[in-house]
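Report on the following structure.
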Amino acid sequence: MDSEYAEPDNKADLRRLLIKRRRELQSSVRKSHDSAIGRNILQLCTQSRCQRIAGFVAHGGEPDLMPALAKLHETGHETCLPVVRGRRMHFCHWRPDNDMAPNRFGIPEPVDGDRLEPKALELVLMPLVGFAPDGARLGMGAGFYDRAFAFRRERIGQLPRLIGVAYAVQEVETLPTDEWDIPLDGVVTEQGLQWFK
-14 MDSEYAEPDN KADLRRLLIK RRRELQSSVR KSHDSAIGRN ILQLCTQSRC
36 QRIAGFVAHG GEPDLMPALA KLHETGHETC LPVVRGRRMH FCHWRPDNDM
86 APNRFGIPEP VDGDRLEPKA LELVLMPLVG FAPDGARLGM GAGFYDRAFA
136 FRRERIGQLP RLIGVAYAVQ EVETLPTDEW DIPLDGVVTE QGLQWFK
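The working numbering numbers the first residue of the sequence shown as -14 and each following residue consecutively.
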């Protein structure tokens, strides 16, 4: 956690700061971090014994999970990716040979695949802009993950496990939260897995 200067206390300013931190990572560092994150994800999925795992396609400097998702698929896991329709998000099964098409945000999504509701997942690897040691997550601000997993407000500690994926430079001491924000169960960075609950 970098605390050499005061961090903003509102979500918009924090987003700008943390996106800047993420984008400032040199490509060689990013590649090394992505490999370490992939190894940590594979270890997590092996230890957790979860079979139905959702990931995401990297966008805007996020860690690249696709090699890890391909390996998980290869080893018999059900791998899924998010699909956005209107203000809602569901998940579709994904295979490395799936046809993909960009959504309205420019993020590739599976063109076809069996649709899964969020409650059907066991482990969800979630993109984020920032995270705090109490499990607070700062996303891009559209609320797709918070709406999709709103049912977790009453089911803390139950499935699916919500695991943020980030670089360590995205950690801050505290994050402002709203009543609709869904906390993480843990986070995977290049440094390893950190559980919050």
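The beta carbon of each residue, even a glycine, is placed where N, CA and C say it ideally should be.
- Apart from sequence neighbours up to five positions away, the residues of its chain that approach MET74 with a beta-carbon distance below 6 Å are PRO67, PHE129 and ALA133, ordered along the chain.
- DSSP places THR174 in no alpha helix (DSSP H) but in the uninterrupted beta strand (DSSP E) bounded by 171 to 174.
- Listed as beta-bridge partners of ILE148 by DSSP are LEU110 and GLY171.
- Looking from the CA of GLY46, the closest CA among ARG15, CYS65 and ARG70 belongs to ARG15.
- When ARG1, GLY40 and GLY71 are compared, the shortest CA-CA separation from LYS56 is found for GLY40.
- Its chain contains ASP131, PHE134 and ARG137 as the residues whose beta carbon lies nearer than 6 Å to that of ILE167, once the 5 sequence neighbours on both sides are disregarded; these appear in chain order.
- Distance between LEU144 and LEU123, taken at the CA atoms: about 21 Å.
- When rounded, the separation of the alpha-carbon atoms in ASP97 and ASN83 is 8 Å.
- Looking at the backbone, the Cα of HIS18 and that of MET51 are separated by about 14 Å.
- CYS77 is positioned such that its CB atom lies closer than 7 Å to that of PRO95.
- Cβ contact annotation for ARG80 (same chain, cutoff 7 Å, sequence separation greater than five): HIS58, in chain order.
- Rounded to whole angstroms, the separation of the alpha carbons of LEU106 and ARG146 is 8 Å.
- At a Cβ-Cβ threshold of 7 Å, PHE116 and ALA151 count as neighbours.
- Contact annotation, LEU(-1) with VAL157: C-beta distance approximately 7 Å; criterion of less than 8 Å satisfied.
- By a beta-carbon distance limit of 8 Å, ILE148 contacts ASP170. Their separation comes to about 6 Å.
- With at least 16 other beta carbons inside 10 angstroms of its own, MET111 counts as buried.
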